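Colleague: Every letter in the sequence shown is one number past the one before it in this note's numbering, and letter 196, counting from 1, is 265.
Just so it is clear, CB atoms sit at the ideal spot from N, CA and C, and this is done for glycine as well.
All values reported here derive from a predicted model rather than from experimental measurement.
Structure in C-alpha cells, see below.
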Amino acid sequence: MSRRVILDTDTAGDDAMAILLAASADAIDLEALTMVAGNVEFEREVENAKHALGVADATDVPVYEGARTPLVKDHDHADQVHGEGGLGGELHPVTGVDSAEGHGANAIVERVRESPGEISLVCIGPLTNVALALRLEPELNELVDEVFVMGGAVNTLGNDTPSAEFNFWVDPDAAKVVVDELDVTLVDWGLTLRDGTFDADVLEEIDAMDTDYAGFFTTIMERAREFAVEQYGEETTSQPDSLAVACALHPDLVTESGEYHVDVDEREGMTRGYSLVDELGVTDGEPNARVVESVDADRFETMFLDLLRHGDPERSL
Numbered sequence: 070m071s072r073r074v075i076l077d078t079d080t081a082g083d084d085a086m087a088i089l090l091a092a093s094a095d096a097i098d099l100e101a102l103t104m105v106a107g108n109v110e111f112e113r114e115v116e117n118a119k120h121a122l123g124v125a126d127a128t129d130v131p132v133y134e135g136a137r138t139p140l141v142k143d144h145d146h147a148d149q150v151h152g153e154g155g156l157g158g159e160l161h162p163v164t165g166v167d168s169a170e171g172h173g174a175n176a177i178v179e180r181v182r183e184s185p186g187e188i189s190l191v192c193i194g195p196l197t198n199v200a201l202a203l204r205l206e207p208e209l210n211e212l213v214d215e216v217f218v219m220g221g222a223v224n225t226l227g228n229d230t231p232s233a234e235f236n237f238w239v240d241p242d243a244a245k246v247v248v249d250e251l252d253v254t255l256v257d258w259g260l261t262l263r264d265g266t267f268d269a270d271v272l273e274e275i276d277a278m279d280t281d282y283a284g285f286f287t288t289i290m291e292r293a294r295e296f297a298v299e300q301y302g303e304e305t306t307s308q309p310d311s312l313a314v315a316c317a318l319h320p321d322l323v324t325e326s327g328e329y330h331v332d333v334d335e336r337e338g339m340t341r342g343y344s345l346v347d348e349l350g351v352t353d354g355e356p357n358a359r360v361v362e363s364v365d366a367d368r369f370e371t372m373f374l375d376l377l378r379h380g381d382p383e384r385s386l
C-alpha cells in the first residue's frame with residue numbers, strides 16, 4: 070500500500086528533484102504540496118513547484134500557498150546557491166496553473182482531520198507551515214502518520230552559518246515548536262554530506278544520460294554545482310530533500326538511527342537555528358525525535374539514477 074504524503078517545500082533545485090522523486094514513486098501517493106517561505110522569492114517557489122509537477126506529469130497534485138514569511142524573524146534567500154529564481158539561474162517558469170484554494174497550514178490540518186493516522190508529512194523547507202498547523206490543531210501529532218523533516222546540522226557545521234542548517238536558520242522559532250511537539254524523524258545536513266552527496270563521477274554519468282529528467286536535473290542544478298566548486302573546491306551535488314523523501318519512500322533505506330532529545334536555538338545571534346542533539350544524554354531533556362544517522366548510500370544513489378534514467382526510482386529495489 071502506498072504512503073500518503075503531503076510535501077511541504079520552498080522549491081528550488083533540490084526540492085524540485087524531491088518533487089520528481091515523490092511524484093514518480095509507486096510507494097508514495099502525493100496528496101499535495103504546501104509552499105513555505107525559504108530558498109527564493111515566494112512567487113518563484115510556487116511556480117517552480119508547479120513546473121516540477123508538470124515535468125513529472127503530476128499536475129493533478131494541488132499546490133497550496135502557505136506562509137510567505139517566517140513566524141518572527143526576517144530571513145535571506147539562497148539565490149547564490151540555487152541561481153536566480155531557484156532553478157539554476159536560467160529557468161524561470163510561468164506555468165499559468167492556479168494554486169489550490171486555502172492556506173497551506175489549513176490544508177495540512179483539514180486533510181489529516183479527514184484521514185486521521187493515514188497521511189505523513191515530509192518537510193523539506195522551513196517549518197513555518199507546520200508550526201502554524203499546530204496552532205490550528207494542537208492534536209496534530211495524533212492525527213498524522215509520520216513526520217519527516219529535512220533540517221538541522223547534527224554535530225556538524227551548518228550550510229547557512231557555522232551553527233545552522235538553512236531550514237532551521239530561516240525559521241528557528243517554527244523548528245523549535247515542531248521538534249518539541251511532533252514525533253519527528255530528522256534527516257539532517259550532516260547525514261546529507263555523508264550519504265546524500267554525489268561526486269563528479271556520478272555527475273558525469275548523469276550528464277551523459279539522454280532523458281528528460283536528466284536534462285531537467287542538469288539545468289536546475291547548474292548553479293548549485295558551481296557553488297560547490299567555489300565553496301568546497303570540487304564538483305559535487307548534495308540532495309538533502311530527495312534523501313528525506315527517500316527515507317519516507319522506503320524506511321528500510323535507513324541503516325542506523327537513534328532517539329535523542331533535540332532542541333533548536335531560536336534566539337537571534339551567532340547560534341540562531343542551532344540544532345542541539347543530545348547524543349550523550351547529558352541534558353535533562355527526554356528523547357523527542359528520531360535522528361537518522363546513516364542510510365544505504367549506494368542504494369540511494371541507485372534510486373536517484375533510476376529516477377533520472379528511467380523515471381522510476383523503485384526500478385532496482
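So, Met86 versus Ser311, is the Cβ gap smaller than 8 angstroms?
Modeller: yes
Colleague: Compare the Cα-Cα distances from Asp367 to each of Val74, Asp98, Asp264, Glu234 and report the closest residue.
Modeller: Checked all of Val74, Asp98, Asp264, Glu234; the closest Cα to Asp367 is Asp264.
Colleague: From Leu272 to Asp381, what does the alpha carbon distance come to, in whole angstroms?
Modeller: In this structure, the straight-line span from the alpha carbon of Leu272 to that of Asp381 is close to 18 angstroms.
Colleague: Pull up the CB-CB distance for Arg354 and Asp334, whole angstroms please, since I reckon it's below 8 angstroms.
Modeller: Reading off the sequence, residue 354 comes out as Gly, not Arg. With 8 angstroms as the limit, Gly354 and Asp334 do not qualify as a contact, their Cβ atoms being about 14 angstroms apart.
Colleague: Rank Gly154, Glu348, Ser71 by C-alpha distance to the C-alpha of Gly107 and give the top, closest one.
Modeller: It is Gly154.
Colleague: Look up Thr78 in the DSSP assignment and say whether it is helix, strand or coil.
Modeller: strand
Colleague: Looking at Ala243 and Leu190, is the spacing between their C-beta atoms short of 8 angstroms?
Modeller: no
Colleague: Nearest CA to the CA of Glu178: which residue from Leu203, Thr80, His161, Leu349?
Modeller: Position check: residue 178 holds Val in this sequence, whereas Glu was assumed. Looking at the Cα atoms, Leu203 is the closest of the given residues.
Colleague: Taking Cβ to Cβ, would you say Gly259 is nearer than 8 angstroms to Ala233?
Modeller: no
Colleague: Beta carbon of Val346, beta carbon of Val360: below 8 angstroms?
Modeller: In this structure, Val360 lies closer than 8 angstroms to Val346 by Cβ.
Colleague: Measuring only the C-alpha atoms, how far is Leu322 from Asp252?
Modeller: About 19 angstroms.
Colleague: Hey, quick one: how far does the beta strand (DSSP E) through Tyr133 stretch, first residue to last?
Modeller: Under the DSSP assignment, Tyr133 falls in the beta strand (DSSP E) whose first and last residues are 132–134.
Colleague: Please determine, among Arg73, Gly157, Arg137, Thr306, the residue with the shortest C-alpha to C-alpha distance to Ala174.
Modeller: Arg137
Colleague: Answer yes or no: does any C-beta atom of chain D fall closer than 8 angstroms to that of His379?
Modeller: Chain labels in this structure do not include chain D; a single protein chain is all it has.
Colleague: Rounded to whole angstroms, what is the Cα-Cα separation between Met278 and Glu134?
Modeller: 34 angstroms
Colleague: Is the beta carbon of Thr266 closer than 8 angstroms to that of Thr305?
Modeller: yes
Colleague: So, Val248 versus Ala317, is the Cβ gap smaller than 8 angstroms?
Modeller: no
Colleague: For the 8 angstroms Cβ check, are there 3 or more pairs between the segment 203–222 and the segment 289–304?
Modeller: no
Colleague: When you compare the CB positions of Gly158 and Arg292, do they come within less than 8 angstroms of one another, or not?
Modeller: yes
Colleague: Based on Cα-Cα distance, which residue from Gln149, Ser71, Glu206 lies nearest to Ile188?
Modeller: Ser71
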